[in-house]
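Those protein sequence lines, which keep their order, are chains A and B.
Residues in the first sequence are numbered consecutively from 1, following this note's numbering.
Residues in the second sequence are numbered consecutively from 360, following this note's numbering.
The C-beta atom is built at its ideal place from N, Cα and C for all residues, glycine as well.
Below is one structure, written out as structure tokens; comments come after it.
2 protein chains.
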Amino acid sequence: METDHGTIETPIFMPVGTQASVKTQSPADLEKLNARIILGNTYHLYLRPGADLIAEFGGLHRFMNWSRPILTDSGGYQVFSLRELRKIDRQGVTFKSHLDGSRHLFTPLSVLETQQKIGSDIMMVLDECPPHDAEEPYVATSNEVTVKWALQAREAYARSKPLHGYEQWLFAIVQGGTFPAIREKSARALVDMDFPGYAIGGLAVGETKDKMFGMTDLCTDILPSEKPRYLMGVGMPQDLLEGIARGVDMFDCVMPTRNARNGTVFTTEGRLVIKAARYAKDPRPMDEHCTCHACTHFSRAYIRHLLNVGEVLGIWLTTHHNLHYYLTLMENARQHIAAGTFEAWKTETIKKFNNQYTL
Amino acid sequence: METDHGTIETPIFMPVGTQASVKTQSPADLEKLNARIILGNTYHLYLRPGADLIAEFGGLHRFMNWSRPILTDSGGYQVFSLRELRKIDRQGVTFKSHLDGSRHLFTPLSVLETQQKIGSDIMMVLDECPPHDAEEPYVATSNEVTVKWALQAREAYARSKPLHGYEQWLFAIVQGGTFPAIREKSARALVDMDFPGYAIGGLAVGETKDKMFGMTDLCTDILPSEKPRYLMGVGMPQDLLEGIARGVDMFDCVMPTRNARNGTVFTTEGRLVIKAARYAKDPRPMDEHCTCHACTHFSRAYIRHLLNVGEVLGIWLTTHHNLHYYLTLMENARQHIAAGTFEAWKTETIKKFNNQYTL
Numbered sequence: 001m002e003t004d005h006g007t008i009e010t011p012i013f014m015p016v017g018t019q020a021s022v023k024t025q026s027p028a029d030l031e032k033l034n035a036r037i038i039l040g041n042t043y044h045l046y047l048r049p050g051a052d053l054i055a056e057f058g059g060l061h062r063f064m065n066w067s068r069p070i071l072t073d074s075g076g077y078q079v080f081s082l083r084e085l086r087k088i089d090r091q092g093v094t095f096k097s098h099l100d101g102s103r104h105l106f107t108p109l110s111v112l113e114t115q116q117k118i119g120s121d122i123m124m125v126l127d128e129c130p131p132h133d134a135e136e137p138y139v140a141t142s143n144e145v146t147v148k149w150a151l152q153a154r155e156a157y158a159r160s161k162p163l164h165g166y167e168q169w170l171f172a173i174v175q176g177g178t179f180p181a182i183r184e185k186s187a188r189a190l191v192d193m194d195f196p197g198y199a200i201g202g203l204a205v206g207e208t209k210d211k212m213f214g215m216t217d218l219c220t221d222i223l224p225s226e227k228p229r230y231l232m233g234v235g236m237p238q239d240l241l242e243g244i245a246r247g248v249d250m251f252d253c254v255m256p257t258r259n260a261r262n263g264t265v266f267t268t269e270g271r272l273v274i275k276a277a278r279y280a281k282d283p284r285p286m287d288e289h290c291t292c293h294a295c296t297h298f299s300r301a302y303i304r305h306l307l308n309v310g311e312v313l314g315i316w317l318t319t320h321h322n323l324h325y326y327l328t329l330m331e332n333a334r335q336h337i338a339a340g341t342f343e344a345w346k347t348e349t350i351k352k353f354n355n356q357y358t359l
Numbered sequence: 360m361e362t363d364h365g366t367i368e369t370p371i372f373m374p375v376g377t378q379a380s381v382k383t384q385s386p387a388d389l390e391k392l393n394a395r396i397i398l399g400n401t402y403h404l405y406l407r408p409g410a411d412l413i414a415e416f417g418g419l420h421r422f423m424n425w426s427r428p429i430l431t432d433s434g435g436y437q438v439f440s441l442r443e444l445r446k447i448d449r450q451g452v453t454f455k456s457h458l459d460g461s462r463h464l465f466t467p468l469s470v471l472e473t474q475q476k477i478g479s480d481i482m483m484v485l486d487e488c489p490p491h492d493a494e495e496p497y498v499a500t501s502n503e504v505t506v507k508w509a510l511q512a513r514e515a516y517a518r519s520k521p522l523h524g525y526e527q528w529l530f531a532i533v534q535g536g537t538f539p540a541i542r543e544k545s546a547r548a549l550v551d552m553d554f555p556g557y558a559i560g561g562l563a564v565g566e567t568k569d570k571m572f573g574m575t576d577l578c579t580d581i582l583p584s585e586k587p588r589y590l591m592g593v594g595m596p597q598d599l600l601e602g603i604a605r606g607v608d609m610f611d612c613v614m615p616t617r618n619a620r621n622g623t624v625f626t627t628e629g630r631l632v633i634k635a636a637r638y639a640k641d642p643r644p645m646d647e648h649c650t651c652h653a654c655t656h657f658s659r660a661y662i663r664h665l666l667n668v669g670e671v672l673g674i675w676l677t678t679h680h681n682l683h684y685y686l687t688l689m690e691n692a693r694q695h696i697a698a699g700t701f702e703a704w705k706t707e708t709i710k711k712f713n714n715q716y717t718l
């Protein structure tokens, strides 16, 4: 993918930088990890520091001093997660801020405008993500609204001009829950609108893995393979490989950063709960095969100590490592795709994951 | 000062790394700041992760991967701060852990042994630091105990061998509150014991600045000028310069790191409360004359945002900057001493500080 902030080789994992910061990591740290693109959350940025302020600084890249590409979500997913605080109708979604209870309205046009102010390279349309246990009639109606909103956003986008002097793409989001007919209808309607890229949304919300990958398969069969395809909010390392096998190009997930803060790290030998007492005197690095700054400089014992006494450096180290793990996994995937050895490597790697996680 | 972990040019400021970490900063960050020596707190390290564990790793340098010198306090100051939890007698001090209420005893010999296990380059003797409003008879008796403890530690130290294969120095601490006769007695008794360095303790605990510097003057007149002299827990930038003028070589204080976490940063234009609303849209760096990573990469508006939303990167940035400020102030002091221009520079710099702080 060629953006005005640089080229992104796919498949790619996007570290999540909710509030204009990938938690604990500086932009220089992310460059050392060779992160090529990060994700920002429109809902959070809209509330604090506000899209207008970011626009005054020339966009999020300059505000946070990150020169590589940024994708923002539409804010819809966060708003729908508020449950008690929001009300959806055909115009958009009204919600109360989780911070101060103030009322706000997100519409397909307003979230487009907000993201234009934020200045992300890739913007997402407003969609509704129905709960995983929603019944078919609800999902069908919801999807009609999502498709209508996508068209409104697409048309408004076509009329708009770049605000910050560089191109911002708008991606659509396929919904439809786990109902194949609705998914297909959603995907075909959005493809007809000719977006530069497509996301598969509404998955990894509680459905089985079989259903998740079934729906992914269905979507990637319809979505054009020459355009980027993005599986939102997924997920575990093996899920990324399964997604890639089905033609997915882009992933994001809070798992590496959130798990790091809880003291769970991904290693080539499996997951490691670093706070466990058995690592109190362990002089080995978190992952003996890892080349990240944390693993080449610090022991499990030291990192465990830092987390146990609440020292922030501990979270920096586990976060840095987990992001290194995810980004390296994607790099390996790209190399195996280029070498034509992806399928064999994927099967072997997932088998290893499965063995590790049943330990 | 020549230690087995490197040479330290004085005067020097020691960043405080209470729990085997200078809060938020990695050893690599501290090297970028050109910190030459850091301080660890024996009380905290004794409780977590424990001196034996640190010894198993070959000492604190290896445990935390910091190759430059380390000074540890004796733990006494923290224990005496516990108030309700401790009991002092001539043997030492019994206290309850602030973590789990477990009972412990610190004696002059036990804190020496603990610091030998920790492996600091400079160890401190156990002393009692009386409250600043203690009356003369109490301070006199307390000082007798402190001097007795120093002798016990000095003798035990003379009998001991290096545990980790490198030299560890033992410094004594002058006490005596703000009573000149007791201070003098304390200093002379300790000088007679021939320690490789001396600290001035029990100041900056609530007395006036006049008294603090009066006592400092008195001590540095007695303590040999060819040995390092360390003014413990002091303090504000102007206090450091006043201390240097009186012959002090070493300082430590939590002020730069603690203020950073509260959002107060030191700049060449005065102190700046970065969370203030007036910086919400301020595109300038925290300090326009500063060359640190924070000031060369990020705006006040961005750092204010990070602190306001609780992003850890914000604290990393303010901490990094404040340490850079303190370490640069010391570097400037060393250059002016070498050039013979210290007095004039000090007078001018303190005048500027005083103008700033009355703004």
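Chain B beta carbons: is any one of them nearer than 8 Å to that of residue i?
i, result
"asparagine 34 (chain A)", "no"
"alanine 276 (chain A)", "no"
"asparagine 41 (chain A)", "no"
"alanine 158 (chain A)", "no"
"glutamine 115 (chain A)", "no"
"alanine 280 (chain A)", "yes"
"phenylalanine 57 (chain A)", "yes"
"valine 309 (chain A)", "yes"
"glutamine 78 (chain A)", "no"
"proline 49 (chain A)", "yes"
"serine 21 (chain A)", "yes"
Would you mind stating whether residue i and residue j have Cβ atoms separated by less than 8 Å?
i, j, result
"arginine 407 (chain B)", "glutamine 378 (chain B)", "yes"
"histidine 364 (chain B)", "serine 426 (chain B)", "yes"
"leucine 582 (chain B)", "alanine 546 (chain B)", "yes"
"alanine 558 (chain B)", "valine 533 (chain B)", "yes"
"glutamine 437 (chain B)", "asparagine 393 (chain B)", "no"
"leucine 471 (chain B)", "alanine 512 (chain B)", "yes"
"threonine 362 (chain B)", "proline 428 (chain B)", "yes"
"histidine 648 (chain B)", "threonine 678 (chain B)", "no"
"phenylalanine 530 (chain B)", "isoleucine 481 (chain B)", "yes"
When burial is assigned at 16 or more other CB atoms within 10 Å of the CB, is residue i buried or exposed?
i, result
"arginine 395 (chain B)", "buried"
"threonine 650 (chain B)", "exposed"
"glycine 460 (chain B)", "exposed"
"valine 273 (chain A)", "exposed"
"histidine 403 (chain B)", "buried"
"glutamine 474 (chain B)", "buried"
"aspartate 553 (chain B)", "exposed"
"aspartate 192 (chain A)", "exposed"
"tyrosine 525 (chain B)", "exposed"
"glycine 310 (chain A)", "exposed"
Say whether chain A places a C-beta atom closer than 8 Å to the C-beta of residue i.
i, result
"valine 533 (chain B)", "no"
"leucine 665 (chain B)", "yes"
"asparagine 424 (chain B)", "yes"
"threonine 383 (chain B)", "yes"
"alanine 619 (chain B)", "no"
"glutamate 647 (chain B)", "no"
"histidine 656 (chain B)", "yes"
"proline 642 (chain B)", "yes"
"glutamate 660 (chain B)", "Rather than glutamate, the amino acid found at residue 660 (chain B) in this sequence is alanine. Answer yes: the Cβ-Cβ gap between alanine 660 (chain B) and chain A drops below 8 Å somewhere."
"leucine 672 (chain B)", "yes"
"threonine 717 (chain B)", "Model confidence at threonine 717 (chain B) stands at a pLDDT of 43, short of 50, so the residue's coordinates are unreliable; what they give is reported in the following sentence. Output row for threonine 717 (chain B): interface = no."
"leucine 412 (chain B)", "yes"
Less than 8 Å between the CB atoms is what I'm expecting for residue i and residue j, so what's the real figure, rounded?
i, j, result
"aspartate 608 (chain B)", "proline 642 (chain B)", "The Cβ separation is near 40 Å, so there is no contact."
"valine 265 (chain A)", "asparagine 322 (chain A)", "6 Å"
"glycine 435 (chain B)", "aspartate 486 (chain B)", "5 Å"
"histidine 132 (chain A)", "glycine 58 (chain A)", "Between glycine 58 (chain A) and histidine 132 (chain A) the Cβ distance is about 40 Å, and since that is not below 8 Å, they are no contact."
"arginine 246 (chain A)", "threonine 216 (chain A)", "5 Å"
"valine 504 (chain B)", "arginine 445 (chain B)", "Actually they do not touch by this definition, with Cβ atoms about 14 Å apart."
"methionine 1 (chain A)", "tyrosine 661 (chain B)", "No, methionine 1 (chain A) and tyrosine 661 (chain B) are not in contact; Cβ-Cβ is about 27 Å, not under 8 Å."
Looking at C-beta atoms only, is the number of pairs between the region 309-326 of chain A and the region 252-265 of chain A that lie closer than 8 Å three or more?
-> Counting Cβ pairs under 8 Å, three or more are found: they touch.
Is there contact here, the region 368-378 of chain B with the region 345-357 of chain A, by at least three beta-carbon pairs under 8 Å?
-> They do not touch, by the three-pair rule.
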